[in-house]
Every structure is written in structure tokens, then in C-alpha cells.
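Engineer:
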Amino acid sequence: LECPYPLPSEDVKPMSDAQFEAETGLKPYYSAEEIRNMTKAASMSSTPNLDCDENADECLAMWTSVEELVEHRHVRSTTSALGDHRELWMEKVEESSLTIMLRCVAMFGVTASMVAVLIESSRASRSAL
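Residue numbers (my numbering): 7 to 135.
1) Identify which residue in Ala48, Thr45, Val72, Tyr35 has its Cα closest to the Cα of Glu16.
2) Confirm, please, whether the CB-CB distance from Glu27 to Lys33 is below 9 Å.
3) Does the beta carbon of Phe26 fall short of 8 Å from some heavy atom of the ligand NAD?
4) Where does Thr70 fall in DSSP's three states?
5) Between the C-alpha atoms of Leu13 and Arg42, what's the straight-line distance to the nearest angstrom?
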């Protein structure tokens, strides 16, 4: 899903769970109790019905006039974002490479079997004529 309130890339600093906790002192997730409380509070509050034709400033308050091309953003690689978990990430990459190789072998086997069935079917139909 696309963020409904996009921010310029300089304003956003993605962090891992450990980095967030170290920098803010807060847990990087909500407990089940906190989620229940927020859901209950959100369901009780009424959202204002904005008429954007009448009050455009209120509707556009979250937007800025800053534009940037997404292609030019610098995005950290997955390995640098993982930090201490690099070894686990490498295991998953190796595991997925093995999975890909096995899928290719299986696909080749299925294709060869289908070709053999088609050839046999073709021979059977020729001999029937």
C-alpha cells in the first residue's frame, strides 16, 4: 500500500527495532492491551466530516509543495538494515537459492513428462489411422 501522507526522503529515517528502542527508549511495538485501548478509543471518537470544496486549506494541511522523484532516493540495502542479523539473512538467501534450484529441477521434470506424454499420444493417434 502507498502511504497516504508521503514525506520527503530527508524527513524519514527508517530504523530497525533495536535502533528504535535504543534511540527512543520505547518498545518498537504495541502490546495487545495497548492495541485494544487504541481500537476502543478510535471507535468511540467521531471523525470530522470535511467539505474540501468549502475548506481546501484544512483538507490540504497535511501536504507540502515538495516534490521528488522516487528513483533518486537513496535506499539502504537489506544487508545494512539487518545489521547484526547478517548471518541469518545469508542463511535465508542460501536457503532460497536451494529452493529456486529445486523448483527448476521439478519444472524440468514436469516439462519432460508432458513432452513424453504428447509424443506417445501423437504416436498412438498416427498408428490408429
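Here a beta-carbon is modelled for each residue, glycine too, at the ideal position from N, C-alpha and C. This structure is a prediction, so every number in the text was calculated from the model and none was measured.
Structural biologist: So, from the data block:
1) Locating residue 16 in the sequence shown gives position 10, counting from the first residue. Among Ala48, Thr45, Val72, Tyr35, the Cα nearest to that of Glu16 is on Val72.
2) Start at 1 with the first residue of the sequence shown, and residue 33 comes out as number 27. Start at 1 with the first residue of the sequence shown, and residue 27 comes out as number 21. Closer than 9 Å, so yes.
3) The model depicted lacks the ligand NAD and carries no ligand whatsoever.
4) Along the sequence shown, read from residue 1 onward, the residue named residue 70 stands at position 64. The answer is coil: DSSP assigns Thr70 none of H, G, I, E or B.
5) By one-based count along the sequence shown, residue 13 stands at place 7. By one-based count along the sequence shown, residue 42 stands at place 36. So the two alpha carbons sit approximately 28 Å from each other.
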